[in-house]
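Since the structure comes first, as C-alpha cells, the remarks are kept for the end.
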Amino acid sequence: MTKKEEPPLSRVPRAVRVASLLSEGEELSGDDLGDEDEDDPAYEGLPNSGWHAGSLSLRLLSSPPGPELLPHPMDGLPRGPTPRTPVIKAGWLDKNPPQGSYIYQKRWVRLDADYLQYFDSSKDAYSKRFVSVACISRVAAIGEQKFEVITNNRTFAFRAESDVERKEWMQALQQAVAEQRARARLSGVRGPEPPDHAGSLELRGFKSKLHVTVAGDRVQLYKNLEEYHLGIGITFIDMSVGNVKDADRRGFDLTTPYRIFSFSAESELEKEQWLEAMQGAIAEALSTLEVAERIWAAAPNRLCADCGAAQPDWASINLCVVICKCCAGEHRGLGAGISKVRSLKMDRKVWTETLIELFLQLGNAAGNRFWAANVPPSEALQPSSSPGARRRHLEAKYREGKYRRYHPLFGNQEELDKALCAAVTTSDLAETQALLGCGAGVGCFSGDPEASTPLALAEQAGQTLQMEFLRNNRTTEVPRLDSTKALEKHYSVVLPTVSHCGFLYKTASAGKVLQDRRAREEFSRRWCVLSDGVLSYYENERTVTPNGEIRASEIVCLAVPPPDTHGFEHTFEVYTEGERLYLFGLESADLAREWVKCIAKAFVPPLAEELLARDFQRLGRLPYKAGLSLQRAQEGWFSLAGSELHAIFPEGSREEPLQLRKLQELSIQGDGENQVLVLVERRRTLYIQGERRLDFTGWLGAIQKAAASSGDTLSEQQLGDSDIPVIVYRCVDYITQCGLTSEGIYRKCGQTSKTQRLLESLRQDARSVHLKEGEQHVDDVSSALKRFLRDLPDGLFTRAQRLTWLEASEIEDEEKKIAKYRELLAYLPPVNRATVKALISHLYCVQCFSDTNQMNTHNLAIVFGPTLFQTDGQDYKAGRVVEDLIGHYVVVFSVDEEELRKQREEITAIVKMRVAGAASGTQHAGDFICTVYLEEKKAETEQHVKIPASMTAEELTLEILDRRNVGVREKDYWTCFEVNEKEEAERPLHFAEKVLPILHGLGTDSCLVVKRHQSMEAMLLYLASRVGDTKHGMMKFREDRSLLGLGLPSGGFHDRYFILNSSCLRLYKEVRNQRPWSGAPETSHRPEKEWPVKSLKVYLGVKKKLRPPTCWGFTVVHETEKHEKQQWYLCCDTQMELREWFATFLFVQHDGLVWPSEPSRVSRAVPEARLGSVSLIPLRGSENEMRRSVAAFTADPLSLLRNV
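Per numbering that gives the first Met the number 0, the sequence shown starts with residue 0, numbered consecutively.
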C-alpha cells in the first residue's frame, strides 16, 4: 500500500494542533474513549479527522510495541544549560482510568529522576500526563501484574506484562522516590521553587482554561491550579526548541517542531507579560553555565548575597555581588545608578576574564562584610520573602546604606578621596569598596597632573582589577539616608505625624533588661520633643542640639511597668532595634499616660491602631508563626493588657485575644539566640520568636507573669477551658487516676512539708506542675487541694452567700431544697460555679468506690463541709450541704444521661487498667500507653503514646503529626480513626471525643490510625449548603442482631425508608405517594424501628462477606441499656449519598460542631522510652478488695445511680 503523503506543519489547522496534548478523555478520537477524565465536561474533545494518520504525532504505527528503550524525539535537538534528566526506565504498560473501568489502555510510560510520564506512543514528544516524583507517597502492588502509584490526592493504576516487569517498575519507582527525598533533605528545600510566571490561559481546543507556568527553561501545562499544587500536570515544553510570536489582539503562538500551542490571555497587557516570560525562558534555555560555574567556584557566591537563595545566576557588576533572579528584579528597580544587573548565563559578552576574577576576589564575601555588616535578624531576607519585603530591604541596604560598615573616615570627604587614591594603587579591593560605599569620589582629583583620577592611578600602578571596579562604578550614586522614607521601612503606608513635647526624667540607655530598681538619683531631667517620627531629648528647653534621638521607625517595643517600680512613680520603657533600652519617668500619671499614647501612635502603623484603644503593659512588634503558615516567620503587632495578649497580623486581621491564664501550654523552645515562646490555647498555637534578645526577654517575663496566678481568689488563678482553676483540675485528675481506691482518701492527711511545697509550686505556676505517681503521694495531693480551698479569701461559696447555703440545708421538703440549691448555684460567680460542679462531680466518683476507699457520701461531707464553708467544724449544716450536693449531683447540676455515661466509662476504664496493672505485677507509673498508627497499620508507622484521661481525639491526632513532623496544609483534615479490621469498617472519632474509654473498648482486631479524612471537605460543604437538620431517603438495609464481630448474620439487603432528625433515626417499611406541597415521600405513620441517635456509633464500610449491593455502605452499632449491642448495615446508591448521610449523623450527634473552626497546634512531650502497649499503675491497698469493687461496678454501673 502506498503511504499517504503527509501535509506540512503550516497546513495543519490550528484547531487540531494540540489534540494529542488533551488529557485522556479530552480528545474525542476513537481509541481514546473511556480513558481518564472522560466525563469531565470542562474538557470536550475536538473533531480531529485525519489527525492519527498524519506525521505530527511522530508515531510508527506499523511498529509493534516493544520493551526496548526507544530514542526520544527531542534527543537530537540542541539543549540548554539544564540537560534532560536521564531516563531511569521506559516501556509499555496498561493504564486503568480513575473511574475504575476494567478497560485498560496501553500507554508508553517513562520514568526519570523528576517525573513519571505516560504517552500515547513511544514516539510522542509530549505526554498525556506527568506526575512529579516528589509528590508520590508510595508504590503498592494490588493484584496480578498490577501496581498503584499513590500521591496525596490521586492514585494511578498500571498493569505490566508480567510479575517480573511489575517488580522492576516498582523497584525503579521506589528508588526514584527515595533518592528524590534524600536530595530534598540534603538541599533543605521543601516543595518546588516558585515559577517565574504563572496564571490561567486559554489553549485552542480546550473548553476550560489551563493553569500555565513558566519555570526556568520550561513551560508546564496543568488542568487547574489544584493539580499544579498536587504536582500532576498534562505536559511540559522545553523552550530550547520553542519560539513564541504574537498572533492577534489577545492571542500568541508557542511553536515547536512538533506542535503549535495557540494561547489566549485575558488582556493585551497580560499577553505581553506572557510573551516576556516565555522569551525569558527561551533565553534561559539557550544560555550557558560556563560563567556561572566559574563564579560559583568561590563558596560565598553560591548563595544570593541578599536572600541566601541557592545557585544565584544574576549579578550586580558595580556592587560586585551575586544575586538570585527574584532579587535581580528588585535591583533593577533601584536604577542603574545604584545597581547594574547582568545575567551570569546570558550576558556572555559582559563577562570578561577581568570581571570574573574581580568577582572571585570580592564577590559576596567582601560585599556582605561591607553592605550587610549590621543587618538585624528581623530585617534579614529569606529565599521566600515577598517582593515588597525585598524592595524595602534592598532600598535600605544599597540606596540608604543603612547596614553598611562605616569607614573610620566617613564624613570627611577630603580624607576619603585621599584614601581612595592610595588604595587603588594596591591590591586591597575591599578597602576601595568601603571607601566608595562611604562617599569617596570615584572621579576625585588625585593631585597628580599625570594621573589625575583614581582610575589613572590604578592604571599607572598596573592594578587591572581596581581599574575594572572603578569603571563599573563611574556613575554609581553614593548611598544616602532618606528621612522621608525611613517611616516606610516596615509598612506599606506612611505613619501619621505625631507631635508632643515636655520634660521627662531619663536614665542612661541600657543593653539588658532592668532587673533592679532605678533610684530617683539615676534619672536626669531632659526636655523631650516628639516630632516627624523622631523623639529627641535636649539638656533643656533652650538647647538647639539634642543630646540624642530615637527614631520611631526603630522602636520595637513600648513597656509600662507597674507604678513605683523605679524611683519615679510612673515610668515607661522604649526598646529599639539596636538592642537598647531607654527608661523615662514622671510623677504625674496623666502626663505619663499622654507620653505613652503619643509615642505609641508614632511607631504603630494604622493597621494596628486598635491596639491603642485600651491601656497596655506592653506594645510592640514581634516575629511569629501561627495557624497553618508555619514555614516562615512573619511580623505582627502585639499588646499585653492584663492577662490578655492581643494581636494584629500583617494582613490587618484582628485575632481573638489569647487568654493567658487559660493557656494549655506556655513553654520556651530552643536556647540562646534561637528561643521560641510557645503559647497553646484551645484550637490554636502561637510561636513567638526571639530574634531581638532584649525586647524578647522583656516580653517573655511579662507574658509569664500575666499567665501566672495573680492573687488568692478563684478568678485570679490559672484557668482551664471550663473556667476551672488549673490547681483544682491537676489535683482532681491525679486523684481520679491514682487514688479512687485509696483507703481513707481525703480523710488521711499528707506530710505537712510535702503538702506545703506542692501547694506553693501549684500556686506559682500550676500549668507547669505535672503530678506523677511515685513522686507525689495521693494523700499529699488531696491535702494540698483541701488547703487551697480552705485558704480562699472569699471561700468557694462566697461570703455573701455562705449563710444562705447553710440555711437552705434545713429545708425539710427535698424538692424545695434541691430547687433552692439550683437557685443559689446560679448566683455564684462563673468560676466558683464551675469549680463547685467539678469538685462535686469528683466526690461523686470517689463515693462510688466507698466499698474500697471507705469514703461514702457522709464521710466525704464530714471532711469537705468545714473546708468549703470555712467553719472549722462548728456548724453541722456545712456537712449537710455537701452531702446533699453529692447525693443529688445529677439533679442539682442538670447532668444528662450522656454526660453521666461518658463519666462512668472513663472511670471504669481507669480502674480496670489499674486492676490489670496489679494483676500483671508491672509497676510503671504514668498514663495508659497505646500504639497508634500513622496513615496505615505498619510496623514502621507505629507510635507509642501516653493517653491521659483528659486527652481528646484532636489532641492525639496533633501529637502524632507533631512527632512525625507532618505539616498540616490547608484543606488537610487529619483525623483519628477507630479501625475494625474484622468488620472491615472504620469510624472517624469526633475531635472532642475522649480517647481513653475508646481504647478500653477496643478488641484485638481494632486499632487507632491517624490519617486524612478524604470526605470531610465535601461533608462540610454539604452541611453549609443544606436547609434544616433532617435527612430522609431510601437505603438498602440489613440487620444483624449478634454482637459486633460475633455470630452469623441472617437475611439479605432490603429497601427501607429512613428519616434522621436531631433526636432519633426512624426506619419505615414502605413509602406512600409523594406529598405535593413538600416533595418528600409520605411514610406510614408508625416507624418499624426507632433508635436514639446519640446512642449510635456509625462506621464507614460493610464487610464483603455480606455481599453489599453497593460499595457505599456503613455499619451502625447500637448499645441498649442492658449493654447488648445491635448492629445493622446500610448501603447508599452513590458516594455522595453516603457522605450526606454520614455528615448528617455527625451533625445531629454533636450539636452541629462537626469540625473545629480553627485547629490547634498542641505539642506534647515524647515519652523517653517505650513502655509497651499498656501502662501499668502501681496500686495501694488490697488487690482483692479492688477486684471485688471493680467487678461490682462493671457488672451493674446503674446501681450507683438508683439512690440519686
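Even for Gly, the Cβ is constructed at its ideal location relative to N, Cα and C.
- Contact check for Ile-959 against Leu-933 passes: the beta carbons are separated by less than 8 Å.
- Per DSSP, the continuous alpha helix (DSSP H) segment holding Asn-858 begins and ends at 856-868.
- For Gly-198, the beta-bridge partners assigned by DSSP are Val-211.
- Gly-1002 and Trp-1111 have their C-alpha atoms some 25 Å from each other.
- Across the structure, Asp-93 and Asn-152 are spaced so that their CA atoms are roughly 21 Å apart.
- If you look at Arg-217, you'll find it isn't in any alpha helix (DSSP H); it sits in the beta strand (DSSP E) that goes 217-221.
- The residues Val-148, in chain order, have a CB closer than 6 Å to that of Phe-155 in the same chain once the five nearest residues on each side in sequence are set aside.
- A contact is defined here as three or more CB-CB pairs under 8 Å, and the stretch 302-310 fails this definition with respect to the stretch 331-345.
- Leu-788 and Asp-961 have their alpha carbons spaced roughly 37 Å apart.
- The bridge partners DSSP lists for Ser-760 come to none.
- Selection Ala-309, Leu-618 and Ile-259 evaluated against Val-555 yields Leu-618 as nearest (Cα-Cα).
- The way I'd put it, the stretch 793-810 does touch the stretch 872-880; three or more beta-carbon pairs between them come closer than 8 Å.
- Tyr-826 counts as exposed, since fewer than 16 other C-beta atoms from the protein chains shown sit within 10 angstroms of its C-beta.
- Under the three-state reduction of DSSP output, Tyr-117 falls in the strand class.
- Annotation: the continuous alpha helix (DSSP H) that includes Phe-1144 extends over 1134-1148.
- With 16 or more other Cβ atoms inside 10 Å of its own Cβ, Thr-856 counts as buried.
- Separation of the CB atoms of Arg-403 and Gly-362 is rounded to 17 Å, and the pair is thereby denied contact status at 8 Å.
- Under DSSP, Glu-548 takes part in a beta bridge, and its partners are Ser-535.
- The Cβ atoms of Ala-124 and Tyr-227 do not sit closer than 8 Å to each other.
- Judged by their CB atoms, Leu-718 and Arg-756 are not nearer to each other than the 8 Å cut-off.
- Under the DSSP definition of a beta bridge, Tyr-1128 partners with Arg-1037 and Thr-1114.
- Counting along the chain, the unbroken beta strand (DSSP E) around Tyr-581 starts and ends at 580-585.
- His-769 carries a coil assignment under DSSP once its states are collapsed to helix, strand and coil.
- Non-local C-beta neighbours of Ser-523 in its own chain, meaning closer than 8 Å and more than five positions away in sequence, comprise Tyr-504, Lys-505 and Thr-506, ordered along the chain.
- The closest CA to that of Gln-219, considering only Lys-936, Gln-170 and Phe-235, is found on Phe-235.
- Rounded to the nearest whole angstrom, the C-alpha separation of Ala-518 and Ala-646 is 34 Å.
- A direct Cα-to-Cα measurement between Val-243 and Gly-279 gives close to 11 Å.
- Where Trp-313 is concerned, there is no enclosing alpha helix (DSSP H), although the beta strand (DSSP E) around it starts and stops at 313-315.
- Counting C-beta atoms within 10 angstroms of its own C-beta, His-1053 has fewer than 16 neighbours from the protein chains shown and is therefore classed as exposed.
- Around the beta carbon of Glu-586, a 10 Å sphere encloses fewer than 16 other beta carbons of the protein chains shown; the residue is thus reported as exposed.
- Gln-853 places its beta carbon less than 8 Å from that of Gly-743.
- Contact annotation: Val-931 and Val-944 have beta-carbon atoms nearer than 8 Å.
- Here DSSP, grouped into helix, strand and coil, assigns Phe-648 to coil.
- For Gly-501, the enclosing beta strand (DSSP E) stretches over residues 499-505.
- In the DSSP assignment, the residues bridged to Glu-147 are Ala-139 and Ala-156.
- The Cβ-Cβ distance between Val-994 and Ala-952 falls below 8 Å.
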